[in-house]
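Number of protein chains: 2
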Amino acid sequence: MQSNYYTISEYPTGTPSQDVFKLKQQDLPALADGEVRIRNRWLSVDPYMRGRMSGVTTYIEPFELEAPLEGAAVGEVIESGDDRFKVGDKVSHMGGWRDVAQLPADGVTALPDLDVPEQAYLGVLGMPGMTAWTGLNAIAEMQQGDNVLVSAASGAVGSLAVQLAKAKGGVVVGLAGSQKKRDWLESQGVIAVDYRDKDAATLSEDLAKACPDGFDVYYENVGGVCLEAALNNLRVGARIAVCGMISRYNDEGPAPGPANLAMILIRRARMQGFIVFEHWDNYPAFLKDVGPKVAAGEIDYQETVREGLEATPEAFLDLFKGANTGKMLVRLG
Amino acid sequence: MQSNYYTISEYPTGTPSQDVFKLKQQDLPALADGEVRIRNRWLSVDPYMRGRMSGVTTYIEPFELEAPLEGAAVGEVIESGDDRFKVGDKVSHMGGWRDVAQLPADGVTALPDLDVPEQAYLGVLGMPGMTAWTGLNAIAEMQQGDNVLVSAASGAVGSLAVQLAKAKGGVVVGLAGSQKKRDWLESQGVIAVDYRDKDAATLSEDLAKACPDGFDVYYENVGGVCLEAALNNLRVGARIAVCGMISRYNDEGPAPGPANLAMILIRRARMQGFIVFEHWDNYPAFLKDVGPKVAAGEIDYQETVREGLEATPEAFLDLFKGANTGKMLVRLG
Numbered sequence: 001m002q003s004n005y006y007t008i009s010e011y012p013t014g015t016p017s018q019d020v021f022k023l024k025q026q027d028l029p030a031l032a033d034g035e036v037r038i039r040n041r042w043l044s045v046d047p048y049m050r051g052r053m054s055g056v057t058t059y060i061e062p063f064e065l066e067a068p069l070e071g072a073a074v075g076e077v078i079e080s081g082d083d084r085f086k087v088g089d090k091v092s093h094m095g096g097w098r099d100v101a102q103l104p105a106d107g108v109t110a111l112p113d114l115d116v117p118e119q120a121y122l123g124v125l126g127m128p129g130m131t132a133w134t135g136l137n138a139i140a141e142m143q144q145g146d147n148v149l150v151s152a153a154s155g156a157v158g159s160l161a162v163q164l165a166k167a168k169g170g171v172v173v174g175l176a177g178s179q180k181k182r183d184w185l186e187s188q189g190v191i192a193v194d195y196r197d198k199d200a201a202t203l204s205e206d207l208a209k210a211c212p213d214g215f216d217v218y219y220e221n222v223g224g225v226c227l228e229a230a231l232n233n234l235r236v237g238a239r240i241a242v243c244g245m246i247s248r249y250n251d252e253g254p255a256p257g258p259a260n261l262a263m264i265l266i267r268r269a270r271m272q273g274f275i276v277f278e279h280w281d282n283y284p285a286f287l288k289d290v291g292p293k294v295a296a297g298e299i300d301y302q303e304t305v306r307e308g309l310e311a312t313p314e315a316f317l318d319l320f321k322g323a324n325t326g327k328m329l330v331r332l333g
Numbered sequence: 001m002q003s004n005y006y007t008i009s010e011y012p013t014g015t016p017s018q019d020v021f022k023l024k025q026q027d028l029p030a031l032a033d034g035e036v037r038i039r040n041r042w043l044s045v046d047p048y049m050r051g052r053m054s055g056v057t058t059y060i061e062p063f064e065l066e067a068p069l070e071g072a073a074v075g076e077v078i079e080s081g082d083d084r085f086k087v088g089d090k091v092s093h094m095g096g097w098r099d100v101a102q103l104p105a106d107g108v109t110a111l112p113d114l115d116v117p118e119q120a121y122l123g124v125l126g127m128p129g130m131t132a133w134t135g136l137n138a139i140a141e142m143q144q145g146d147n148v149l150v151s152a153a154s155g156a157v158g159s160l161a162v163q164l165a166k167a168k169g170g171v172v173v174g175l176a177g178s179q180k181k182r183d184w185l186e187s188q189g190v191i192a193v194d195y196r197d198k199d200a201a202t203l204s205e206d207l208a209k210a211c212p213d214g215f216d217v218y219y220e221n222v223g224g225v226c227l228e229a230a231l232n233n234l235r236v237g238a239r240i241a242v243c244g245m246i247s248r249y250n251d252e253g254p255a256p257g258p259a260n261l262a263m264i265l266i267r268r269a270r271m272q273g274f275i276v277f278e279h280w281d282n283y284p285a286f287l288k289d290v291g292p293k294v295a296a297g298e299i300d301y302q303e304t305v306r307e308g309l310e311a312t313p314e315a316f317l318d319l320f321k322g323a324n325t326g327k328m329l330v331r332l333g
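Structure, rendered in C-alpha cells:
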C-alpha cells in the first residue's frame, strides 16, 4: 500500500515558503507485529511545528529531513498487528502530514467514548485544549474571580482559555486581530481588544480601559507588543503562563524584548514557560473536566477546515497570518 | 535637642547628582508618650532607595519632599517614652539619613541577643541578608546541589546569596565588575565572571564556560546584559528570583529588554519578582537559620564603611558605581 506524505529537504530560515514542503510517496512495508496501519481522516497543523523545522533542538527534537513530517492526526485502523486494536477502531496518534500512517501501536490511542466529533481530539479535547487548561490551572494557578488576559484569544488554544477563564467569574479580555474574531469573543462575554498595528503604549492604554483593575493572569501566546502591554497592566502577584510567542517563531534574528520587564519586580509577578507535552500525566484529569462540557455543547469551539492532503502546507503557513479562527484542521477524503 | 538630617527638594531624573541631597537641621519637639529618641550609630544606604526618590509609587511609597529621608539604621536609645525601651538599649529602625531620630516605639526593634557587631543588623542579618535568603529559598526554591548564578555577587545581598548557595553543594558562579571583588568571590569557592564592557553574546559564552551544565537558579540583581546572558544558560525548570535590576534604576527612558525572553519557554523556566518587605514574617526563621552562622564566623560578610553623616549622599550614589564590596554603611561619630 502506498502512503503520500509531506517532508522537508532543508530547514527554512525566516518565514517558510510553500515550496519548502515536498509531497512524496512511499510503498509501505508489510505490517510488523505490534504495528497498526491507519487511514487518516483529520490532520492537525500547529504553530509549535515551526520550532521543529530548524536544525536546533529547542524544547523538542527537530523534524528529520526527508522523513515524513509528524503531527497529531485522527483516523481509522485499516490493518492491525496488535491485540489492542482492530480494523475500524477510531484512533489518535502523531503520524500526521500523510494519508496513511503505519506506526507502533504503543504510540496510538483509541478515542475516548464521548459524544463529540472525532476531530475534537485534535482541538478542544486534544493538545490545544489541554494546553489552555494546563496554562490556566497548573501554571497560572487561576483562582475564582481572577481577571484574565489572553493573547491570540480566538486561536485553538486561546478560544478555550477565554471560555475556561470566563467560567471562573472575573473580567476576561482577549486580544485578537480581526473584527470577525473580536465578534466571536464578544459573543462569549469576553472583552475583545484589537492589537494590530498598535505600539505597546497604545495597547497598554486600551488594556487599561478594558480592565481598569488590572490582570491577575496573563495567558501568553504571542510575545512582542502584547507582552509589553500586558506587563503594564498586571496586578500585584500576577501570574503569566508562557505558552508560546508566535510573533517570534519566524524571526531570523533576535528582536529586543519588552522594555518594561522590571514590572515583574514592581508587581511581584511570576512568569513561567511550559510545554504541554511535559504535563500529559494530567490528560485524564483534563478530559474528565472538559470532556463532558464539550459533549454537552457548553464549549463553543471553532474550527477552520481545509480540504485534502495537498492543502496541509498552506494551512500550516496560514497559522502565522492569523487566518484561522479556532483550530486549523485538514480533512482527508 | 537638634537633629541633622538629609532631605530632597525635588525628585531627580536619571542619575542623581550629589546636590539633590540637602543637609538640614530641626529642633526636636519634646518626646511624646510612646516615642523613643535614638542616637544613630550606623546608617544604611541601599539601591532600593532610588525607587523612593521619584514621584511615582512603584512597589513602595515615594519619599516625602523636604521631610527627612528614611532608611534602616542602628543606634542607642537616649530617651524613652515607652515601657519597652530604656536608655542605653541598642535598637534598629527606619529613621536613617539623620543623626538623631525620634520615632514611635512601634517602629523600633531591640537588637537580638547574638554575639555579632551591631551593624550586622543592617547587612548580613538585616534587610540585605534577609533578601538573599528569601530570594534563594522562598522564591527560587533552591535545592541541594543546584547550580546557582548570582549577579552583583559581591554586593550586600549577592555576597550572602553566594555563600548560602555554596553551602548547598552545587556550582556557584558570581558576576562582579572588579578584580578585587572577583578575588573575594574566588576565596569563597565561587567561580567569578567579569561582566563589565561585555555584550550579551560574550557574557553568555563566559557563563557557559564557567558552568557548562547550566544554572538551576539565577539570583537577579542587575538586569541588562546579565539577565540576557543568564537566560541563555538556564537548565530546564530553572527559577529566576528577581530581586532588583540596578542597571536600570537611573534610566531616564525605557531600554529594550532581553532579546531572548523566549528562553523562558524553551527552558520551561520561572521568573518571579519579590519585595523582601512582604516576606518579613519569615524574619525570625531567617535569623534562626543565619544568625548562629554569623555569630560563629562561618559567614564572611564584607562592609564598606564611610565616616560621618555628611558622607551619606556619596555613599548612596557610589552604590550605582559598584564602589562597595558587601554592605555600604555610614558610621556616625
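As given, the protein sequences belong to chains L and A, one line each in that order. Just so it is clear: in the first sequence, position 29 is 29 by the UniProt record's numbering, and no numbers are missing. Just so it is clear: in the second sequence, position 261 is 261 by the UniProt record's numbering, and no numbers are missing. Positions of the beta carbon are idealized from the N, C-alpha and C atoms, including for glycine.
Original post:
Smallest Cα separation from L/Asn-260: which of L/Leu-231, L/Arg-84 and L/Ala-269?
Top reply: Closest by alpha carbon: L/Leu-231.
**OP:** Would you decide whether L/Ser-17 is buried or exposed? Buried here means 16 or more other CB atoms lie within 10 Å of its CB.
**Re:** L/Ser-17 comes out exposed.
**OP:** Confirm, please, whether the CB-CB distance from A/Gly-174 to A/Ala-192 is below 8 Å.
**Re:** Yes, Cβ-Cβ distance for A/Ala-192 and A/Gly-174 is below 8 Å.
**OP:** Would you kindly work out how many angstroms separate the C-alpha atoms of A/Lys-86 and A/Glu-79, rounded to a whole number?
**Re:** Computed Cα separation, rounded: 7 Å.
Original post:
L/Val-242 by DSSP, collapsed to three states: which one?
Top reply: Three-state DSSP puts L/Val-242 in a strand.
**OP:** Indicate whether A/Lys-22 and A/Ser-9 have their beta-carbon atoms separated by less than 8 Å.
**Re:** Taking the C-beta atoms as reference points, A/Ser-9 is found nearer than 8 Å to A/Lys-22.
Original post:
Relative to the alpha-carbon of L/Val-225, which residue among L/Val-242, L/Gly-214 and L/Asp-197 has its alpha-carbon at the smallest distance?
Top reply: For L/Val-225, the nearest C-alpha among the options comes from L/Asp-197.
Subject >> Cβ pair count under 8 Å reaching 3, the region 126-133 of chain L against the region 25-35 of chain A >> reply: Contact fails: fewer than three Cβ-Cβ distances are below 8 Å.
Subject >> Beta-carbon contacts of A/Ser-54 that lie in its chain and below 7 Å, excluding the five residues immediately before and after >> reply: Closer than 7 Å at Cβ, skipping near neighbours: Tyr-11 and Pro-62.
Subject >> Amino acids of chain A, ordered along the chain, whose beta-carbon sits closer than 9 Å to that of L/Phe-274 >> reply: Those within 9 Å of L/Phe-274 in chain A are Leu-265 and Arg-268.
**OP:** From the DSSP output, read off the bridge partner residues of L/Trp-42.
**Re:** Its beta-bridge partners are L/Val-74 and L/Arg-331.
Subject >> Euclidean distance between Cα positions of A/Ser-151 and A/Gly-322 >> reply: Taking the straight line from one Cα to the other gives about 12 Å.
Original post:
Since L/Val-173 sits in a beta bridge, which residues does DSSP pair it with?
Top reply: L/Val-173 pairs with L/Leu-149 and L/Ile-191.
**OP:** State the start and end residues of the unbroken beta strand (DSSP E) segment that holds A/Ile-8.
**Re:** For A/Ile-8, the enclosing beta strand (DSSP E) covers residues 2-8.
Original post:
Name the DSSP beta bridge partners of L/Arg-306, please?
Top reply: Paired residue(s): L/Val-330.
Subject >> Under 7 Å by beta carbon: chain L residues contacting A/Gly-257 >> reply: From the beta-carbon of A/Gly-257, the residues of chain L found nearer than 7 Å are Pro-256, Gly-257, Pro-258, Ala-259 and Leu-261.
**OP:** Indicate whether at least one CB of chain L lies closer than 8 Å to the CB of A/Gly-224.
**Re:** No, no contact with chain L.
Subject >> Same chain only: Cβ atoms within 6 Å of L/Gly-237, ignoring 5 sequence neighbours per side >> reply: Excluding residues within five positions, the ones whose Cβ falls inside 6 Å are Arg-268.
Original post:
According to the Cβ coordinates, are A/Ala-295 and A/Leu-111 closer than 8 Å?
Top reply: A/Leu-111 is positioned such that its CB atom lies no closer than 8 Å to that of A/Ala-295.
**OP:** Please determine, among L/Glu-303, L/Ile-299 and L/Pro-117, the residue with the shortest C-alpha to C-alpha distance to L/Leu-164.
**Re:** For L/Leu-164, the closest C-alpha among the options L/Glu-303, L/Ile-299 and L/Pro-117 is that of L/Ile-299.
Original post:
Is the CB of L/Gly-129 under 8 Å away from at least one CB in chain A?
Top reply: No, no contact with chain A.
**OP:** Assign L/Thr-13 to one of three DSSP states: helix, strand, or coil.
**Re:** Residue state for L/Thr-13 is assigned as coil, using DSSP reduced to three classes.
**OP:** Report yes if the C-beta distance between residue 334 of chain L and L/Ala-105 is below 8 Å; otherwise report no.
**Re:** Any property of residue 334 of chain L remains undetermined from this structure, which presents chain L solely from 1 to 333.
Original post:
Taking all protein chains shown into account, do 16 or more other C-beta atoms lie within 10 angstroms of the C-beta of A/Gln-119, making it buried, or fewer, making it exposed?
Top reply: Classification of A/Gln-119: buried, given that the 10 Å Cβ count is 16 or more.
**OP:** Would you mind telling me which residues of chain L sit closer than 8 Å to A/Glu-278, beta carbon to beta carbon, in chain order?
**Re:** Counting only Cβ-Cβ distances below 8 Å, A/Glu-278 has contacts in chain L at Arg-268, in chain order.
Original post:
A/Gly-244 touches chain L at which residues, Cβ-Cβ below 8 Å?
Top reply: In chain order: Leu-265.
Subject >> Min CB distance A/Met-271 to chain L below 8 Å >> reply: It does; some Cβ of chain L falls within 8 Å.
Original post:
Comparing alpha-carbon positions, which option in A/Ser-92, A/Val-171, A/Asp-194 and A/Lys-181 lies nearest A/Cys-211?
Top reply: Measuring C-alpha to C-alpha distances from A/Cys-211 to each of A/Ser-92, A/Val-171, A/Asp-194 and A/Lys-181 identifies A/Val-171 as the nearest.
**OP:** Would you identify the three-state DSSP class for L/Ser-204, choosing helix, strand or coil?
**Re:** Note: L/Ser-204 maps to helix in three-state DSSP.
**OP:** Over the uninterrupted alpha helix (DSSP H) stretch that includes A/Val-162, give me the two end residues.
**Re:** Looking at the DSSP string, the run of the alpha helix (DSSP H) that includes A/Val-162 is 158-166.
Subject >> L/Glu-186 to A/Gln-179 span [Cα, whole Å] >> reply: Straight through space, the alpha carbons of A/Gln-179 and L/Glu-186 are spaced by roughly 60 Å.
Subject >> Exposure label - L/Trp-280; buried when at least 16 CB within 10 Å >> reply: Looking at its Cβ environment, which holds fewer than 16 other Cβ atoms inside 10 Å, L/Trp-280 is exposed.
Subject >> Under the three-state DSSP convention, the category L/Val-294 falls into >> reply: Shown here, L/Val-294 sits in a helix according to DSSP, grouped into three states.
Original post:
Exposed or buried, what is A/Ala-67 when buried is set at 16 or more other beta-carbons lying within 10 Å of its beta-carbon?
Top reply: With fewer than 16 Cβ atoms within 10 Å of its Cβ, A/Ala-67 is classed as exposed.
Original post:
Smallest Cα separation from A/Phe-320: which of A/Gly-126, A/Gly-177, A/Asn-40 and A/Ala-73?
Top reply: For the residues A/Gly-126, A/Gly-177, A/Asn-40 and A/Ala-73, the minimum Cα distance to A/Phe-320 belongs to A/Gly-177.
Subject >> Three-state class that DSSP yields for L/Gly-88 in the structure shown >> reply: When secondary structure is reduced to three states using DSSP, L/Gly-88 falls in the coil class, being assigned neither helix nor strand.
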